[in-house]
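With my numbering applied, the sequence shown corresponds to residues 494 to 799, in that order. All residues carry an ideal CB built from backbone N, CA and C; glycine is no exception. Every value quoted in this text rests on a predicted model; they were computed, and no experiment measured them. Working notes, structure below.
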Amino acid sequence: MSFDRLIKKIIDTNNPTVVGLDPLIDYVPDFIKNKYFMKSDFTLEAASEAIFEFNKAIIDNIYDIVPAIKPQAAYYEMLGWRGVMVMEKTIRYAQSKGMFVMTDGKRNDIGATMTAYATAHLGCTQIGGNMIEAFGADALTVNGYLGTDGIAPLLEICEKKDKGIFVLVKTSNKSSGELQDQKIDGTPVYAVMGDMCEKWGSEQIGEYGYSSVGAVVGATYPEQLTELRKRLPHTLFLVPGYGAQGGGAEGLKGAFDKNGLGAIVNSSRAVMCAYKKEGCDEKDFAGAARREVIRMRDDINSVINK
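The structure is reproduced here in structure tokens:
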């Protein structure tokens, strides 16, 4: 199972965190930007090249202590086809360093269209007699709002290609409760969606007891995080909202099972922009990212029962 590989890396690194590589060009240090802008002017091509150098340097400085990265597709798509190429190159580069990669795309559709999304991000595209991975990520975030019709094509690829998905369940944003906290026959929508994750993953349970169907559950709602951990024993949690969005380590405790597993916590801007917060030399931006990752790891591990 794909998430068995992820959980093993979490155990081996003693680090239940994932670094979100969601780079705006403003996050990239000036000395990198200037190199490409001087060569190609202020263009999408120059920005894309600068971001790839930025991503590579961060990966080079964290791959030995962090199990996974999570590129958010929107930040690459805003740069057009060059940015999408950088996302693909970032995925390949991180995997070459042994990292698990989850693409944050929040995709959803039905039928042939959902199959196309699943194939693009997790599967293989057939070109003549060749089967080629377009992006080749290990996992993908998805929206389950269309129900089983939007998830079934993903389950097939998860099983065949050893991949995983994270379904939006209780998201970290402020307005999530407008829909997710509404009740269906007395049960909150987020809990109904969580129960569906358990059902969808029931035939793909790995050696650690977690299925290939995970759930996105925000750190900003610790009570619901604890509630859902008890309710969804076979569902691995991707937990956004730590750090920049206000979620703290103490509130994360309920995301983990009795063995200290069951969740992986994301931090994006706090890692990418750690050099700005530190006020260090911008040429040490990747070193600052590593220091922030270590701080985050130790902070979270301090509240986990192992």
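Classify residue i as helix, strand or coil using the three-state DSSP reduction.
i: Y735; result: strand
i: T506; result: helix
i: F730; result: strand
i: F466; result: Only positions 494 to 799 of the chain appear in this structure, which leaves residue 466 out of reach.
i: N798; result: coil
i: M592; result: coil
i: K676; result: strand
i: L514; result: strand
i: A632; result: strand
i: V521; result: coil
i: P681; result: strand
i: M765; result: helix
i: L661; result: strand
i: D791; result: helix
i: P707; result: It should be noted that the sequence gives Gly, not Pro, for residue 707. Of the three classes helix, strand and coil, the one that applies to G707 here is strand, per DSSP.
i: G621; result: coil
i: D642; result: helix
i: Q697; result: coil
i: K528; result: helix
i: G598; result: strand
i: N666; result: coil
Using C-beta distances below 6 Å, list every residue in its chain close to residue i, excluding the 5 sequence neighbours before and after it, in chain order.
i: A779; result: A550, I551 and N554
i: N666; result: none
i: G734; result: S665, G711, A712, T713 and G740
i: C690; result: V660, V706, A708 and T728
i: L718; result: V710, G747 and A748
i: F771; result: Strictly speaking, residue 771 in this sequence is Glu, with Phe absent from that position. A781.
i: P681; result: D674
i: L639; result: N601 and I603
i: K723; result: none
For residue i, which of the options has the nearest alpha-carbon?
i: T506; options: R790, D497 and T719; result: R790
i: V594; options: G747, T536, I658 and D674; result: I658
i: A684; options: L721, I644, K654 and E671; result: L721
i: A742; options: T606, P522, G772 and I793; result: I793
i: D523; options: I558, P509 and A543; result: A543
i: F749; options: G576, A605, V796 and D688; result: V796
i: N548; options: R585, Q619 and F530; result: R585
i: I504; options: A756, L672 and T612; result: A756
i: A605; options: W574, A645 and K776; result: A645
i: V758; options: S668, Y529 and I562; result: I562
By Cβ distance, which residues of its chain are closer than 7 Å to residue i, with the 5 residues on each side in sequence left out?
i: V764; result: V512, A782, E785 and V786
i: E626; result: C617
i: G699; result: M494, F496 and D497
i: Y569; result: G576, V577, V579 and M580
i: Y610; result: R600 and D602
i: Q619; result: none
i: D777; result: Y768
So residue i and residue j are supposed to be a Cβ contact under 8 Å. How far apart are they, rounded?
i: G707; j: L731; result: 6 Å
i: L572; j: A540; result: 6 Å
i: P715; j: G747; result: 6 Å
i: N508; j: I558; result: 6 Å
i: C773; j: Y520; result: Their Cβ separation, rounded to whole angstroms, is 15 Å, which puts C773 and Y520 out of contact at 8 Å.
Apart from the five residues just before and just after residue i, which ones in its own chain have a Cβ nearer than 8 Å to its Cβ?
i: F545; result: V579, K582 and T583
i: H614; result: T596, G598, R600, A627, F628, A630 and L633
i: Q697; result: M494, L648, C651, E652, S704, S705 and V706
i: G643; result: N601, D602, I603, M607, V635, N636 and G637
i: I525; result: A543, E546 and F547
i: I677; result: V685
i: Y556; result: A587, K590, G591 and M592
i: K532; result: A539
i: E864; result: Only positions 494 to 799 of the chain appear in the structure, and residue 864 is not among them; the question remains open.
i: K692; result: none
Is the beta carbon of residue i sitting closer than 8 Å to the one on residue j?
i: K654; j: P560; result: no
i: Q588; j: D515; result: no
i: L754; j: I500; result: yes
i: K769; j: N798; result: no
i: D534; j: Y701; result: no
i: V662; j: G687; result: yes
i: T536; j: S760; result: no
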